[in-house]
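Chains as they are written, first to last, in the working numbering: chain P, 1 to 341; chain X, 1 to 336. Glycine included, each C-beta is placed from N, C-alpha and C at the ideal position.
Given below as structure tokens:
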């Protein structure tokens, strides 16, 4: 059983139909690699609270439809909340500059891949004297989550297909910790050939009884990663404990703004708190992100949980496991019974 | 005040300013037909064949984008809806909803585009309306067009005619418009921006008239993209469509942009393409008829219809198979 811990891999595997031609003994499962999927509903609640207090929210598109405890940003937008979808955190700077009279809050969710460019945007904000911008952070670090997954006694993960983009930032060396626990790791890109090559190398390592880190994406990923990105992250961010939907609190698995920069921390600046929030009753996204449940096994999947009307975040994000299964793999019997809500 | 610089509320009020807008901007461009004396309604000649009639609203943002603008889009949108029904487009109406404060230069460019596109399509703008709404109540400029056409002899098109063995053919590259507009909205790829494919398809559809008996169904894959049209054609019917990923023409810049934006190319709108379902015996003839036209240079046979259960299935370039899903309501760029 090989787990991919990157949402872009989840999507690429589904989009290229790779599962449909793997040999029977090889099973691919999806881990907590989609930042939206591991975000707690309480984060959305805090964002909604900020919007209700008049803040203009700037966000990546994936978050707009994620259900919070009671509402979602798209529902709040229809009711008048100001929510702007950005492609890049740099767009948030422009929005802040164009709305000088408003407090702009950027919803800063993501792994190291996202944390670095968001902090680059913060650096630009400092340079340009933009002060009406703050960040509601829920950044995650992938390595502590992988460690938590393999320390769970019920885990059945034989090997990890490691993310390409995150590794471009953190480098190949952090995975040694995982490999030294006996789990082979292969870092790879997103073309079908990249993924297949990595699967082959992982299977070969398993056959040989070896657990190494193989960097098969050396055209992008260096051993020590992107030191410039690491510098900018350590200037502004500090490691913290973080809650993951489905995995609970994991030590040192998050990043938050340093106290020096608390005036850019939306929680402190605007006095809101990110709580755990409440999940939709018996939504099993948590089990899905741990790789313990196939989306199709969830009673809601494709019935009252579809991408347009999701119960949980795994069905929302374009990289969510449930969304990937629904879009590319779902059994027709399920799809045709869809009733909506 | 000699020259208009920006649109004011009074331009929609029916008074002096409104008349001046018509006299200075509308009549010089469109006053050579039934609009000449600005009647309340157009008097048109009767038609021999069946009448095909459609309407469409355009709220594109930004109003101007690489490859086109709202004026071109508004003409092509309605003309193409008529054309893919197997009809010859003839007359069009145009209603504009303008936000107070729109620079007149933007309106002029849009109207010039309407005129040029109408000429290219061989249609005449015969009636219209202009309204101005207060600032903040619209996004610059909205357009609504309606188009009347006459059904061409020989065409009898309906998705229910699609049967196993049929071929699926595209008149060219897919996804260009949707990706171009999304990229423009986010200010991406400014040096090598993907361009919208907004263009009329009436010449493409008319070129199939000699083959009409074997053409089952045509559609322009606008909102919802190629996947939307294919799903509509097979939904709830005992057939599947099997697409060959390697056969689908996609321009390299559009492919790159769609991957960066995280948008499935099959979900992105085209605004100048036709998808045709036809008897496999005429598939090659359809492809070559289209390739003989400049707008059909990249035409390709991209899929086939088999017995099935209303699914659209992709044979991927990696050698796998997957289902093709319908797009969601709103195309959103992803996080990483």
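Query                                                                                                                        : Result
Chain-ordered neighbours of residue 172 of chain X on chain P, where CB pairs are closer than 9 Å                            : Correct list: empty, because the minimum Cβ distance to chain P is about 23 Å.
Length of the line joining the Cα atoms of residue 34 of chain P and residue 253 of chain X                                  : 26 Å
Closest by C-alpha distance to residue 255 of chain P, when choosing among P/7, P/42, P/111 and P/43                         : P/111
Continuous beta strand (DSSP E) assignments of at least 3 residues falling wholly in the segment 120–161 of chain X          : 124–133 and 141–151
Buried/exposed call for residue 250 of chain X, threshold 16 Cβ in 10 Å                                                      : buried
Residue 126 of chain P burial status per 10 Å Cβ neighbour count (16 or more: buried)                                        : exposed
Selection from X/19, X/174 and X/53 that minimises the alpha carbon distance to residue 38 of chain X                        : X/19
The segment 257–273 of chain P in contact with the segment 133–153 of chain P per 3-pair CB rule at 8 Å                      : yes
Inter-residue spacing [alpha-carbon to alpha-carbon] between residue 278 of chain X and residue 264 of chain X               : 25 Å
Residues sharing a beta bridge with residue 46 of chain P, DSSP                                                              : According to DSSP, residue 46 of chain P bridges with nothing at all.
Residue nearest to residue 103 of chain X in terms of C-alpha spacing, selected from X/297, X/9, X/293 and X/92              : X/9
For residue 82 of chain P, the three-state DSSP class (helix, strand or coil)                                                : coil
In DSSP terms, what residue 243 of chain X is bridged to                                                                     : X/303 and X/314
Span of the beta strand (DSSP E) around residue 277 of chain X                                                               : 275–278
Per-residue DSSP class, three states only, for residue 227 of chain P                                                        : helix
Where the alpha helix (DSSP H) containing residue 285 of chain P begins and where it ends                                    : 285–289
Partner residues on chain X for residue 20 of chain P, Cβ-Cβ distance less than 8 Å                                          : 320, 321 and 322
Per-residue DSSP class, three states only, for residue 91 of chain P                                                         : helix
Cβ-Cβ distance between residue 295 of chain P and residue 301 of chain P below 8 Å                                           : yes
Buried versus exposed call for residue 107 of chain P [16 or more other C-beta atoms within 10 Å across all chains shown]    : buried
Any chain X beta carbon closer than 8 Å to residue 328 of chain P                                                            : yes
Where the beta strand (DSSP E) containing residue 208 of chain P begins and where it ends                                    : Careful: residue 208 of chain P lies outside any beta strand (DSSP E), inside the alpha helix (DSSP H) at 192–208.
Chain-ordered residues of the segment 79–101 of chain P with a beta carbon less than 8 Å from chain X                        : 85, 86, 87, 88 and 91
Whole-Å CB distance - residue 253 of chain P paired with residue 171 of chain P, under 8 Å assumed                           : Contact flag wrong, Cβ pair sits at about 18 Å.
Closer than 8 Å at the beta carbon, the chain P residues around residue 186 of chain X                                       : 86, 87, 88 and 91
Counted within 10 angstroms of its Cβ, other Cβ atoms place residue 44 of chain X as buried (16 or more) or exposed          : exposed
CB contact check: residue 108 of chain P to chain X, cutoff 8 Å                                                              : no
Where residue 226 of chain X falls: helix, strand or coil (DSSP)                                                             : helix
CB contact below 8 Å: residue 145 of chain P versus chain X                                                                  : no
DSSP state of residue 251 of chain X mapped onto helix, strand, coil                                                         : coil
For residue 296 of chain P, three-class secondary structure by DSSP                                                          : helix
Nearest-angstrom Cα separation, counted from residue 273 of chain X out to residue 154 of chain P                            : 53 Å
Short CB-CB distance (under 8 Å) between residue 352 of chain P and chain X                                                  : What the structure shows of chain P is the stretch from 1 to 341, and residue 352 of chain P is not part of that stretch, so it cannot be assessed.
Inter-residue spacing [alpha-carbon to alpha-carbon] between residue 80 of chain X and residue 54 of chain X                 : 10 Å
Residues, ordered as in the chain, of the segment 287–312 of chain P that lie near chain X by beta-carbon distance below 8 Å : 307 and 308
Inter-residue Cα distance where the pair is residue 75 of chain X and residue 239 of chain P                                 : 56 Å
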